[in-house]
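In the numbering used here, the protein residues as written are 193 to 499.
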């Protein structure tokens, strides 16, 4: 996919469904039925079936697959990027591939579906250019009517039947249903997205896109102002007015978020993580991390390992 959704490399890994299975789930007697053939490419389950074996809270991480959560009842607490959300009945969550997210709680009465699918499953027929909701900067939550919820639930239920019977091997069946699902999501997403944006909105979107791409290498407001061909003062004024936070805070929070992913998903030492994120020394990395995470990088890693 072009633009923001770059492939993760070995240093900044994305969790595959197979990795998630080992790290986030409790093995039970239904293990084989949960993971059908080719589940790394496509996997779907109902919340009722999945919730009992998910280890919560899940720490911040990124997956190489897109994720779709449809809630028909109950409540899910999660963080996507920097923003925390409480999602309830008749709401849809779309998490683009490589977006950083974490699951905090899934209420016991939650109903609906969780679905993860790779770009390969789509056979290269779609991309973020076709579906804006698959962009890393898109708003991840869409409210639905009764009818819209029913349409999406029917498509997901049909995909669940196919996955249960044949896993992801019958792409001739999965592919058209998945495209129909994405087309239906696109209709609802487009209906709730303003058709026009002003210059300030476009500047915020541009800054956030650049931040997703460059936060590991660029840590100064001036770096992003240069890329956007504006002055640092103008960037600071617009971002602060439109988001309530300064560009420097957005940059710092993103670097800490990337650090949390590496502390959990990689075997790099803390010093190596600091270097990968562009810090001149481990001490300055530790100070910034503690400012936003309230614990040191080493303490954070121990907390994650203990779960």
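Idealized CB from N, CA, C, for every residue including glycine.
Residues in its own chain within less than 8 Å of residue 431 by CB, not counting five upstream and five downstream?
Translated into positions along the chain shown, residue 431 becomes position 239. Answer for residue 431: 395, 396, 399, 437, 438, 439, 442, listed in chain order.
Could you tell me if residue 392 is buried or exposed, where buried requires 16 or more neighbouring beta carbons within 10 angstroms of its beta carbon?
The residue you call residue 392 lines up with position 200 of the chain shown. It counts as exposed.
So, for residue 278: in the same chain, excluding its five sequence neighbours on each side, which residues have a beta-carbon less than 7 Å away from its beta-carbon?
Taking the chain shown and counting its residues from 1, one reaches residue 278 at position 86. Apart from sequence neighbours up to five positions away, the residues of its chain that approach residue 278 with a beta-carbon distance below 7 Å are 267, 269, ordered along the chain.
Rounded to a whole number of angstroms, what is the C-alpha to C-alpha distance between residue 330 and residue 302?
By one-based count along the chain shown, residue 330 stands at place 138. By one-based count along the chain shown, residue 302 stands at place 110. In a straight line, the C-alpha of residue 330 is about 25 Å away from that of residue 302.
Who pairs with residue 268 in a beta bridge, going by DSSP?
Taking the first residue of the chain shown as 1, we reach residue 268 at position 76. Residue 268 pairs with 279, 298.
What are the start and end residues of the beta strand (DSSP E) that includes residue 333?
Within the chain shown, residue 333 is the residue found at index 141, counting from 1. Unbroken beta strand (DSSP E) run through residue 333: 333-335.
Taking only runs that begin and end inside the stretch 377-427, name each unbroken beta strand (DSSP E) of 3 or more residues, in chain order.
none
What distance in whole Å lies between the Cβ atoms of residue 285 and residue 244, which are believed to be in contact at a cut-off of 8 Å?
The residue labelled residue 244 in the question sits at position 52 within the chain shown. The residue labelled residue 285 in the question sits at position 93 within the chain shown. So it is not a contact: roughly 20 Å between Cβ atoms.
What did DSSP end up calling residue 341 once you bin it into helix, strand or coil?
Taking the chain shown and counting its residues from 1, one reaches residue 341 at position 149. DSSP places residue 341 in helix when its eight states are reduced to three.
Measure the alpha-carbon distance for residue 334 versus residue 257 and round it to whole angstroms.
The count along the chain shown starts at 1 and reaches residue 334 at position 142. The count along the chain shown starts at 1 and reaches residue 257 at position 65. Computed Cα separation, rounded: 19 Å.
Looking at the unbroken alpha helix (DSSP H) that takes in residue 241, where does it start and where does it end?
Position 49 of the chain shown, counted from the first residue, corresponds to residue 241. 239-242 is the span of the alpha helix (DSSP H), which, as asked, contains residue 241.
Quick test of the definition: if touching needs 3 or more C-beta pairs under 8 Å, does the stretch 441-456 touch the stretch 373-380?
Between the stretch 441-456 and the stretch 373-380 there are fewer than three inter-stretch CB-CB distances shorter than 8 Å, so the stretches are not counted as touching.
Roughly how many angstroms separate the alpha carbons of residue 371 and residue 314, rounded to a whole number?
Here residue 371 refers to the residue found at position 179 when the chain shown is read from its first residue. Here residue 314 refers to the residue found at position 122 when the chain shown is read from its first residue. Taking the straight line from one Cα to the other gives about 8 Å.
Within a Cβ cutoff of 7 Å, which residues of the same chain sit near residue 272, ignoring the five residues on either side of it in sequence?
Taking the chain shown and counting its residues from 1, one reaches residue 272 at position 80. Excluding residues within five positions, the ones whose Cβ falls inside 7 Å are 287, 291, 293, 332.
Taking only the alpha-carbon atoms, compute the straight-line gap between residue 217 and residue 242 and give it to the nearest angstrom.
Position 25 of the chain shown, counting from 1, holds the residue named residue 217. Position 50 of the chain shown, counting from 1, holds the residue named residue 242. C-alpha separation (whole angstroms): 9 Å.
For residue 362, which of helix, strand or coil comes out of DSSP?
Within the chain shown, the letter at position 170 stands for residue 362. If DSSP states are grouped into helix, strand and coil, residue 362 belongs with coil.
What three-state label does DSSP hand residue 430 in the structure shown?
As a working mapping, residue 430 is identified with position 238 in the chain shown. Reduced to three states, the DSSP call for residue 430 is helix.
Go through its chain and collect everything with a Cβ distance to residue 304's Cβ below 6 Å, but skip five positions before and after it.
Start at 1 with the first residue of the chain shown, and residue 304 comes out as number 112. Answer for residue 304: 239, 262, 263, 264, listed in chain order.
Using C-beta distances below 7 Å, list every residue in its chain close to residue 186, excluding the 5 sequence neighbours before and after it, in chain order.
The shown model of the chain, from 193 to 499, leaves out residue 186, and the question about it has no answer.
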